[in-house]
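Using this note's numbering, you'd call the opening residue of the sequence shown number 68 and step up by one each time.
Heads up, the beta-carbon is just placed ideally off N, CA and C, and yes, glycines get one too.
Take a look at the structure set out below.
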Amino acid sequence: MEAVNPMRPARVDGWIARLFPPACVLCGAPEQGHDLCGPCSDDLPWIRHGCSRCGRPVPLQAPTGPCGACRWPSAAFSRVVAALVYEYPLDRLVSLCKYQQRIDLGRLLGELLAARIALLAAAPAWTMPDLLLPVPLHPRREAARGFNQAAEIASVAGRRLGLRADARLASRVRETGAQAGLPAAQRARNLRGAFLASPDCAGLRVAVIDDVITTGATAMALASAARAAGALEVECWAVALTW
Ligand SMILES: [Zn+2]
Ligand SMILES: [Zn+2]
Numbered sequence: 068m069e070a071v072n073p074m075r076p077a078r079v080d081g082w083i084a085r086l087f088p089p090a091c092v093l094c095g096a097p098e099q100g101h102d103l104c105g106p107c108s109d110d111l112p113w114i115r116h117g118c119s120r121c122g123r124p125v126p127l128q129a130p131t132g133p134c135g136a137c138r139w140p141s142a143a144f145s146r147v148v149a150a151l152v153y154e155y156p157l158d159r160l161v162s163l164c165k166y167q168q169r170i171d172l173g174r175l176l177g178e179l180l181a182a183r184i185a186l187l188a189a190a191p192a193w194t195m196p197d198l199l200l201p202v203p204l205h206p207r208r209e210a211a212r213g214f215n216q217a218a219e220i221a222s223v224a225g226r227r228l229g230l231r232a233d234a235r236l237a238s239r240v241r242e243t244g245a246q247a248g249l250p251a252a253q254r255a256r257n258l259r260g261a262f263l264a265s266p267d268c269a270g271l272r273v274a275v276i277d278d279v280i281t282t283g284a285t286a287m288a289l290a291s292a293a294r295a296a297g298a299l300e301v302e303c304w305a306v307a308l309t310w
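Shown next, in the form of C-alpha cells:
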C-alpha cells in the first residue's frame, strides 16, 4: 500500500494522474499504479529457482545446498538471494537509476526485489531478517548523485515486506574509487575496512541490500563490518546478479 498524504485532497492525485499518467518504463503502455506492465514484467530475466547459497539460477529439480558452481564458499554472509539476472533490461534500468538520477527507478527496483522475496517467503523454512542494511555510498558520492540507490531499494522493499530498513546503521568510511573492471581479489583488497556498521546491529539477523552483485566483494565487505558489529547472521539480497 502506498502511503496517502492526508493533506492532499484525492482530486489532486486524480489531476496528477491525468497530467502524468503512470506508464510502463519499458514499453510506455499506460499502467495504473505500476512502473511496469504485466507482459514486460513477465519478460524480465527472473531467477525463478536460485541456488540456496549463492543465488545463481539452478534447475527446478536441483537439490538444496551449494550448487556445483557455488561462489563465495567462505564468505561472511550465509547466502545470496537475487531477484533477476543482470542483463537487458536490468542493466539499462540500473544505469538510468544511478547515473541519470532516475530515483523513480529505485522504487521499481525495490518492488522487483520485494516481489521475489515475497514468493520465497511462502516456503515454510524461510525466515525473514530483522534489518535491511543498504550498502552505503561514501558521503561525497551520495552528495554528487543526490541519493543512494541501495537505500531507495531497501526502503521500498522494507515497506512492501513489513521489514525494518535503516541506512543509518552503516557508513562508508573510506572512498574506494571505481570498482568496475577490477579483478575480484583486487576489489576485495580495495574494500577492506571501507565500511563501518553500528553496534545497533548487534544480535540482529541482517540482510545487506545492493542493486547488483558482481564479484560479491562489496556485499562481503559490508557483511564483515556487520558481523564485527555483532550481527547474529548476515545474508545478502540484490535486485540482480551478474552471471
Ligand atoms: Zn511494458
Ligand atoms: Zn551456488
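Exercise. If you drop the 5 nearest sequence neighbours on each side, which residues of the same chain put their C-beta closer than 6 Å to that of Asp197?
Worked result: Correct list, in chain order: Leu271 and Arg272.
Exercise. Between Trp304 and Val148, what straight-line distance do the alpha-carbon atoms span, to the nearest angstrom?
Worked result: When the Cα atoms are used, Trp304 and Val148 turn out to be separated by approximately 5 Å.
Exercise. Within the present structure, is the beta-carbon of Ala368 separated from the nearest heavy atom of ligand 1 by less than 6 Å?
Worked result: The structure shown does not extend to residue 368, since the chain is modelled only from 68 through 310, so no value can be given for it.
Exercise. Which residue's Cα is closest to the Cα of Ala189: Leu111, Leu228 and Val240?
Worked result: It is Leu228 whose Cα lies nearest to the Cα of Ala189.
Exercise. Relative to the alpha-carbon of Ala284, which residue among Ala143, Ile114, Leu111 and Pro124 has its alpha-carbon at the smallest distance?
Worked result: With distances taken between Cα atoms, Ala284 lies closest to Ala143.
For this session: Go ahead and label Trp139 buried or exposed: buried means 16 or more other beta carbons lie within 10 angstroms of its beta carbon, across all protein chains shown.
Result: With 16 or more other Cβ atoms within 10 Å, it is buried.
Problem set entry | Sheet register partners of Ile280 (DSSP bridge) | Residue pairing by DSSP puts Ile280 in a beta bridge opposite Leu308.
For this session: Starting from the N-terminal end, write out each residue whose C-beta falls within a distance shorter than 6 Å of any non-hydrogen atom of ligand 2.
Result: Shown in chain order are the residues whose CB sits closer than 6 Å to a heavy atom of ligand 2: Cys118, Arg120, Cys121, Arg123, Pro133, Cys134 and Cys137.
For this session: Drop a sphere of 10 angstroms on the beta-carbon of Tyr153, count the other beta-carbons inside from all chains shown, and report buried for 16 or more, exposed for fewer.
Result: Burial of Tyr153 is indicated by the presence of at least 16 other C-beta atoms within 10 angstroms of its C-beta.
For this session: On the DSSP bridge assignment, give the partners of Trp139 in chain order.
Result: Trp139 is not bridged to any residue.
Problem set entry | Contact the stretch 258-269 vs the stretch 217-237: 3+ CB pairs below 8 Å | With the rule of 3 Cβ pairs closer than 8 Å, the stretch 258-269 counts as touching the stretch 217-237.
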